[in-house]
Structures are given as structure tokens and as C-alpha cells.
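Asks: In case it helps, numbering that gives the first Met the number 0 puts the sequence shown at residues 0 to 331. No residue lacks a Cβ here, since even glycine has one placed at the ideal position from N, Cα and C. A quick note: this is a predicted structure, and the numbers were derived from the prediction, not measured. To start, I am sharing the structure in question, which I have written as C-alpha cells.
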Amino acid sequence: MRRLHRWSLGALAALCLAPTAAQAWQPTKTVELVVPAGVGGGADQMARVIQGIIQKHGLMAQPLVVVNRPGGAGAQGFLEMKGAAGDPHKILISLSNVFTTPLATGAPFRWDELTPVAMLALDEFILWVNAKASYSDVAGFVAALKAAPPGAEFKMGGTGSKQEDQIITAAIEQKTGGRFIYVPYKGGGDVATQLVKGQITASVNNPIEAVTQWRAGEVRPLCVFDDERLPYKEPVVGQTSWADIATCKEAGLDIEYLMLRGIFGPPRLTADQVGYYVELFRRVRETPEWKEFMQRGAFNTSALTGNDYKTWLSKAADSHRSLMETAGFIVR
Numbered sequence: 000m001r002r003l004h005r006w007s008l009g010a011l012a013a014l015c016l017a018p019t020a021a022q023a024w025q026p027t028k029t030v031e032l033v034v035p036a037g038v039g040g041g042a043d044q045m046a047r048v049i050q051g052i053i054q055k056h057g058l059m060a061q062p063l064v065v066v067n068r069p070g071g072a073g074a075q076g077f078l079e080m081k082g083a084a085g086d087p088h089k090i091l092i093s094l095s096n097v098f099t100t101p102l103a104t105g106a107p108f109r110w111d112e113l114t115p116v117a118m119l120a121l122d123e124f125i126l127w128v129n130a131k132a133s134y135s136d137v138a139g140f141v142a143a144l145k146a147a148p149p150g151a152e153f154k155m156g157g158t159g160s161k162q163e164d165q166i167i168t169a170a171i172e173q174k175t176g177g178r179f180i181y182v183p184y185k186g187g188g189d190v191a192t193q194l195v196k197g198q199i200t201a202s203v204n205n206p207i208e209a210v211t212q213w214r215a216g217e218v219r220p221l222c223v224f225d226d227e228r229l230p231y232k233e234p235v236v237g238q239t240s241w242a243d244i245a246t247c248k249e250a251g252l253d254i255e256y257l258m259l260r261g262i263f264g265p266p267r268l269t270a271d272q273v274g275y276y277v278e279l280f281r282r283v284r285e286t287p288e289w290k291e292f293m294q295r296g297a298f299n300t301s302a303l304t305g306n307d308y309k310t311w312l313s314k315a316a317d318s319h320r321s322l323m324e325t326a327g328f329i330v331r
């Protein structure tokens, strides 16, 4: 997936946080923000940042509450949204499991049965190893991976099975000819902990899920799975910033993968209802708290709405199907 155009902060108009005087539609009761993942993961963290921003700046007259629906790799949340057709008081924050879960589990759901509202950002993946590893770059990692004898395969830890982390793991195997034992965990926090303990050899965690261990000198980033380096130049560890981490491609591992952080509504929302949420999340993205969160989590700040968002989703769905077919992850 190619990098999308980044929003230019200087080109955006100044934000007025007061509610628009004449909204065509507004919520009349509490809005549920459904998270198809567990508490503490990346999607949950983003949902709770959004909740706090909306409350702090008074962006909604009605409350917004976060509801976690992690069952079935997120299928519980997706099916709940599918069954809430026409209900504008229920929205969903999704990651790329909106594409992968139906393919991997056979859940009776497709992403295009929901109403796309807005891409908020794209999340990065980084190849992490224990700081005590004998290699400090991708070349050394790949050499050790390929040299591992049968029965001593590297263990790759990731969140869930047949989801984003394991898709990237399969892609590394295909590119290098090496083999991993993939170990699934409930969330990225667990993955980072097990990497520090030496229970796994590597992980492909999101930046925000391993930055604490990086700062503590317990893990080491080898490369980022994007087509260009991260733009964040503030030091994170010593004088090293996110921008100092090489892309995997420039490090010799030609793999790119970005994960969706987007908003959907249930089927059959009206244009006015979609427009309300598009404007709400535009305001959220303009707050200093959101910008700080984007930098802290080293996100790709691409944002889309309308037909551009739908086009991106369609292409991403095709890409995930191709990746999962190659890896043998699709339920028939």
C-alpha cells in the first residue's frame, strides 16, 4: 500500500471548537463508539483519546462512550454494527481486521456492508527484537533467521492469528526463505512483554505498543514497514528519533504494510448523519491533544473521507485478500 498524501498542517484553516450553529442532524442520545478489539490495544487507546478530546472541548452535546467488542477477532463488533442498520448513535473505530476477520474466520460480514465515515490515520508496524540480540540491523536478523536449524526456528510474537501481525510474518518468510514459529497473544502489550522476557525472538508491533520498552533499553527497532521514514524527529531514546529508523525496504527487506485506523457507521446512515461525524472527527484531528497523540504513537497522519476513503478501502480490501490467499489464511 502506497503512502497517502499527508495533511499539511499549515494549509488547514484555524479550528473553531464551538459546535456548528445549524447542524442538519445531531445525536439525541448517548453515542456508542464500538471497538472491535480488547481493552488496552491500539484501537482502544485511540478510541479513549477521542472520547477524552470530545469531552474536554465540548465537541458533542451528547455523551460518547467506548464499548469493547473483541470476540471472534472483532467479528462480534462488526456483526453488532451490521445489525444496527439505520442507528446513527452507534459508530465503530476499526483497524484492518475489518478486512481480515471475515476472510480468516468466515464471519458473515463484509466491510462494505457498513457506512464508511473517515480515515483518521494509518498505523505503522516496526520489526522489533530484544535489545540483547546479537544483531543490530535487518541484514543480521535475516542472516540469523535463515541460518536457524530445524527445531530452532525463530519465534515471532503477534496480536491474534491470521491478522495483521501474522500477515507481515508470512510476508517476511516469503521474502527471506526463513521460517518462524508464530505465537499469538491477546494484544500488543503482551507481545512487547514477552519479547523483553525472551519468550519470542521478534515482533512486528505498532510503535505505541513498544515505545515504553524501547525507552527502557529493552527492545530494539530494526525497520519500519512503510515506504518512507517516519517524520518525527524529536528524540525518543537518547538522540535517536522515530525518523532515524530505516524503512524495511531500504534495509533490504522489501515489505510495506500500513494498518487502518478508521471510522464506520452501521448500514443505511443518511448523508446528514455521515456529515455530522465527518465534521466531528475533523475537529478532533485539529486539537493539540490529537496532534500530540499522533506524534507519541508515530502514526502516519493520512486522513480521508467521502469517495476517496471508499476508494482506498476497496483497494485495501483487495490487497488483504491477495496477501491472505498467498499465506493460506482464508477460510473456504
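How long is the line joining the alpha carbons of P149 and T104, rounded to whole angstroms?
Replies: Whole-angstrom Cα-Cα distance: 30 Å.
Asks: Would you mind reading off the limits of the beta strand (DSSP E) that contains W127?
Replies: I125 to N129
Asks: Residue ranges of each alpha helix (DSSP H) run of no fewer than 4 residues wholly in the region 52 to 120, ordered along the chain?
Replies: For the region 52 to 120, whole alpha helix (DSSP H) runs of length 4 or above, ordered along the chain, are 74 to 81 and 96 to 104.
Asks: Count the other CB atoms within 10 Å of the CB of P69; is the residue buried (16 or more) or exposed (fewer)?
Replies: buried
Asks: Identify the residues that DSSP records as bridge partners of K154: which are they?
Replies: For K154, which the question treats as bridged, DSSP gives the partners I180.
Asks: How many Å lie between Q162 and I199 at the Cα?
Replies: 18 Å
Asks: Among the candidates C247, D189, K309 and N204, whose CA atom is the shortest distance from the CA of I262?
Replies: K309
Asks: Are there 16 or more other CB atoms within 10 angstroms of the CB of N306, so buried, or fewer, so exposed?
Replies: exposed
Asks: Apply the 10 Å Cβ neighbour rule to S133 and answer buried if 16 or more other Cβ atoms are within range, or exposed otherwise.
Replies: Exposed, because fewer than 16 other Cβ atoms sit within 10 Å of the Cβ of S133.
Asks: If you run the structure through DSSP and keep just helix, strand and coil, what is P287?
Replies: helix
Asks: Mapping the DSSP letters down to three states, classify V273 as helix, strand or coil.
Replies: helix
Asks: Note down the Cα distance separating D225 from L119, rounded to an integer number of angstroms.
Replies: 17 Å
Asks: Would you verify that the beta carbon of D164 is, or is not, closer than 8 Å to some beta carbon of chain E?
Replies: No chain E is present in this structure, which holds just one protein chain.
Asks: Compute the Euclidean distance between the alpha carbons of Y184 and Y231, then round it to the nearest angstrom.
Replies: Rounded to whole angstroms, Y184 to Y231 spans 29 Å at the Cα level.
Asks: What does DSSP give as the partner residue(s) for L252 in the beta ladder?
Replies: For L252, which the question treats as bridged, DSSP gives no partner whatsoever.
Asks: Just the Cα atoms here: how many angstroms apart are D271 and G327?
Replies: One Cα belongs to D271, the other to G327, and the distance between them is close to 41 Å.
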